[in-house]
Every structure is written in C-alpha cells, then in structure tokens.
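Numbering (our numbering), first residue to last: 851 to 1111.
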Ligand code: NAD
C-alpha cells in the first residue's frame, strides 16, 4: 500500500496510540498533521523526526479538541497547507474515574467534548473536501467501552458509545462518495492514558497498583496481555487501504477477546 498522495490529520498524536498511527501513516508516505498537548521541544522532535524518518511533510497543530472552532480550524488550516485532508483519525481522548454521584460536572463536559464532540466537528469540517474528491478515510479510536461498560467511567463509556453511533451515521451519509467511516475499539493498550488512571482506580476500588493491573485491567482481557500501539496502528493502516474500501460503518474490536465475553 502507498499513501503517497494522501494527507492525514491524527488528533491526539503527541503520545500513545495517535503517535503510532501518525508514524504508521507517514511510513506509507502520507503527509501528516500531528496534534495534542505536551512539552514543546518533545513535540518538535517528534514532528521533525517524522519528516526525517519518512520524507513526508509533518505539521503540528495545537488545536484544543474541547474547542469546536479550534477543531474545525485545524481541518481548514490543514486543507490550506497540504491541499486536502484525505484521512482523518479522531483519536484524542481523556479518561476520568469516579462514581457517578461524585463525578465532577466539568470533567463530564470535558470528556464528552473531547472524546465525542471533537470527532463530530472534525468530521463535519472534513466532509465537503472528501465528498468533492470522492475519496476519504475517517477512523475514530473508540474503545471496548464503546460496546460494554465498566463502573466509574460514565463519561468515557457514554462518549465512546456515542462514537459508535456517529461512525454509523457518517458511514451511511458518505457511503456513495468513496468515503469510509469506521471506528477501532481497543481493549487495554499500554499507554500514558492507562498508566494515569491507575492511581484513581486504586482509590475508587481500594486496590494496590498490582491489583489494578492484574485484577481490573488484564482481567477484562482473556488473552491476559495488553494490546500494543503498533497493533492498533496496523489496523488503522489497513482501513486506509483499497482492500478496506467496502468496510464502512464498522466498529472493529482489537481487545484480546474482552467483548467476546
Ligand atoms: P494518551 O494519553 O497516550 O494520548 C492522548 C492524546 O490526546 C495525547 O496526544 C494528548 O496530548 C491528546 N490530548 C489530550 N487532551 C487533548 C485536547 N484537549 N485536545 C487535543 N489533544 C488532546 O492516550 P492513548 O491511550 O494513546 O489514547 C488515545 C485514544 O485511544 C483515546 O481516544 C482513548 O480513549 C483510546 N483508547 C485507549 C485505550 C488504552 O488502553 N490506552 C483503550 C481504548 C481506547
């Protein structure tokens, strides 16, 4: 596969799954817009590293996914700078763990804004260009939590179930335009997002770190192994290929069997 003529945006790509997807797309020849927060020097190292390693153009957007106008602006800027947005990967996401009755309202709003509404705004902004060129790939990183729930993750589970619905709706609206819309639903992938929720889960469930890893996280996964970021990136790349042109509206699990139970 080559993506040499394609331009991609990957939200939340300064870390974890998004970074692996951005590097995977660049390795296939796509120009990429990387996005997310973090140390400025580290982000610049990542951006210039992508250009150097793969000979593509890499642009950094500091758009805050919780702000609709910044998300839509990122798509418009990418179209102006690169000529098009052919591949959109909605990946930025955050987590917060608390019982519903204690769940801070501002964190509910923030998680819904970033994990769900940002995808709506980015898709809305990217659709006209994709439709006019009759080619597009929209992929969102959902989660096993788009199919099943866990206690104390009300906002995250609600947003991820929402991504599943948004994916299906967009797939139907774009079905005759050569644009596929899918989501990928990983189980636990070892990234900073998972690492960061360990202390909160320890508190919410009164467990040790080892107990959270073995008895909460990996308990969910029949294989008893974490998914790797490269495995998620490989699936995203496949969805960008011509072989995947008839896969649309799908929510594809990559969760070590979690949602088979
Ligand atoms: P991560 O914490 O490593 O990366 C999250 C990225 O989002 C970072 O680049 C961060 O800077 C960015 N981000 C955070 N707030 C932002 C904002 N307001 N605007 C723009 N970018 C912002 O997390 P990850 O584990 O790589 O998660 C990526 C996606 O995968 C998320 O949507 C997450 O829900 C999903 N996911 C992760 C797992 C897992 O086990 N790690 C499992 C299922 C789904």
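Here a beta-carbon is modelled for each residue, glycine too, at the ideal position from N, C-alpha and C. Small disclaimer: the values here were computed from a predicted structure and weren't measured.
Which of the three DSSP states is assigned to residue i in this structure?
| i | result |
| --- | --- |
| residue 987 | strand |
| residue 1101 | strand |
| residue 944 | coil |
| residue 880 | coil |
| residue 1188 | Because the chain in this structure spans residues 851 to 1111, residue 1188 falls outside the shown range and cannot be described. |
For residue i, which option in the options has the closest C-alpha, if you only look at C-alpha atoms?
| i | options | result |
| --- | --- | --- |
| residue 1019 | 1101, 1107 and 852 | 1101 |
| residue 1071 | 938, 1025, 967 and 998 | 998 |
| residue 975 | 925, 937 and 988 | 925 |
| residue 894 | 863, 938, 871 and 967 | 863 |
| residue 904 | 1007, 911, 882 and 892 | 882 |
| residue 1032 | 1074, 916 and 1091 | 1091 |
| residue 907 | 922, 931 and 1062 | 931 |
| residue 1001 | 949, 1013, 1015 and 1012 | 949 |
When the distance is taken between beta carbons, is residue j closer than 7 Å to residue i?
| i | j | result |
| --- | --- | --- |
| residue 1080 | residue 1037 | no |
| residue 947 | residue 876 | no |
| residue 911 | residue 979 | no |
| residue 1009 | residue 1048 | no |
| residue 1109 | residue 994 | yes |
| residue 874 | residue 1087 | yes |
| residue 1007 | residue 1039 | no |
| residue 984 | residue 915 | no |
| residue 940 | residue 972 | yes |
Terminal residues of the continuous beta strand (DSSP E) containing residue i?
| i | result |
| --- | --- |
| residue 1030 | 1029–1036 |
| residue 1048 | Run containing residue 1048: none in the beta strand (DSSP E); it sits in the alpha helix (DSSP H), 1042–1055. |
| residue 911 | 908–911 |
| residue 859 | 857–860 |
Between which two residues does the alpha helix (DSSP H) harbouring residue i extend?
| i | result |
| --- | --- |
| residue 898 | 890–904 |
| residue 1021 | 1004–1024 |
| residue 854 | Looking at the DSSP string, residue 854 is not in any alpha helix (DSSP H), and its letter there is neither H nor E. |
| residue 918 | 918–932 |
| residue 1108 | No alpha helix (DSSP H) holds residue 1108; DSSP gives it neither H nor E. |
Would you check whether the ligand SAM has a heavy atom nearer than 6 Å to the C-beta of residue i?
| i | result |
| --- | --- |
| residue 1087 | Looking at this structure, you won't find the ligand SAM anywhere; what it does contain is the ligand NAD. |
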